[in-house]
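According to this note's numbering, the sequence shown is numbered sequentially starting from 222.
Each residue gets a CB set at the ideal place from its N, CA and C atoms; glycine is no exception.
Since the structure is predicted, the reported quantities are computational estimates derived from the model, not experimental observations.
Beneath this line is the structure, given in structure tokens, with notes to follow.
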Amino acid sequence: MRGKIGFVKSGKSDGFVDASATVSPSDCLHALFYSFKAEYRANASFMMTSGTARIVRLWKDIQGRPLWTDSIVEGQPPLLLGKPVIFNEQWDAVGADKFPIAFGDFNRGYLIHDLPQGIRLLRDLYSFKPYTAFYTTKRVGGGVLDFNAIKLLKIAN
């Protein structure tokens, strides 16, 4: 399947828009949230780095209520707009032309495939005499299955 993951722009070339009487930095999150069909939003979650979360968790709606809700249950992720937040420190940070926030139903939209070779083991009897070292490798693959199930937030006008 070929395609591209869609995105929504943040409204500012180097970050999020500044709050004013008519604009909120969270407007781009709402645009991202509602850029999906309801069937994809049902099991969707946000993904971002801790640094991006530090910025987003301060945002409030027009009544002054926080968009971010910390979980009161141990082991449960925090919620943003009522959806779970997954932390991925390998993801983009906030910066020009970056994609710091992903939103979607990742189980439906992305496949991680274990290749049939399984785990390979290599015994090294010589490098660390008198010990034996064991090296293991496993091949996996992955790709987007449904381009409608995942969308990104891009830092751009």
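Please state whether the Cβ-Cβ distance between residue i and residue j is less than 7 angstroms.
| i | j | result |
| --- | --- | --- |
| residue 319 | residue 266 | no |
| residue 358 | residue 314 | no |
| residue 234 | residue 378 | yes |
| residue 229 | residue 343 | no |
| residue 339 | residue 366 | no |
| residue 332 | residue 360 | no |
Can you grab the Cα-Cα spacing for the pair residue i / residue j, in whole Å?
| i | j | result |
| --- | --- | --- |
| residue 369 | residue 302 | 20 angstroms |
| residue 345 | residue 362 | 27 angstroms |
| residue 249 | residue 325 | 15 angstroms |
| residue 284 | residue 241 | 14 angstroms |
| residue 276 | residue 236 | 10 angstroms |
| residue 308 | residue 282 | 23 angstroms |
| residue 310 | residue 323 | 13 angstroms |
| residue 278 | residue 264 | 21 angstroms |
| residue 306 | residue 268 | 6 angstroms |
| residue 259 | residue 274 | 24 angstroms |
| residue 347 | residue 354 | 8 angstroms |
| residue 262 | residue 349 | 53 angstroms |
| residue 257 | residue 341 | 41 angstroms |
| residue 376 | residue 223 | 24 angstroms |
| residue 321 | residue 312 | 7 angstroms |
Excluding sequence positions up to five away, which residues of its chain have a Cβ less than 8 angstroms from the Cβ of residue i?
| i | result |
| --- | --- |
| residue 238 | 231, 232, 244, 245, 246, 248 and 249 |
| residue 280 | 245, 246, 247, 250, 287, 288 and 289 |
| residue 295 | none |
Does any residue of chain C have a CB that is nearer than 7 angstroms to the CB of residue i?
| i | result |
| --- | --- |
| residue 373 | In the structure shown, chain C does not exist; there is a single protein chain. |
Ignore the nearest five residues each way along the sequence and tell me which others in residue i's own chain have a CB closer than 6 angstroms to its CB.
| i | result |
| --- | --- |
| residue 371 | 226, 325 and 330 |
| residue 272 | 314 |
If you count every other CB in all the chains shown that lies within 10 Å of the CB of residue i, and 16 or more means buried, which is it?
| i | result |
| --- | --- |
| residue 253 | buried |
| residue 255 | exposed |
| residue 221 | As shown, the chain starts at 222 and ends at 378. That puts residue 221 outside it, with no answer to give. |
| residue 293 | exposed |
Apart from the five residues on each side of it in sequence, which residues of its chain come closer than 7 angstroms, Cβ to Cβ, to residue i?
| i | result |
| --- | --- |
| residue 356 | 343 and 345 |
| residue 291 | 299 |
| residue 334 | 361, 362 and 363 |
| residue 317 | 234, 235 and 376 |
Does the beta carbon of residue i fall short of 6 angstroms from some heavy atom of the ligand GTP?
| i | result |
| --- | --- |
| residue 323 | By its list of ligands, the structure shown contains no ligand whatsoever, and the ligand GTP lies outside what it can speak to. |
Ordered list of beta strand (DSSP E) runs contained in the region 266-332, each at least 3 residues
266-269, 304-308 and 322-325
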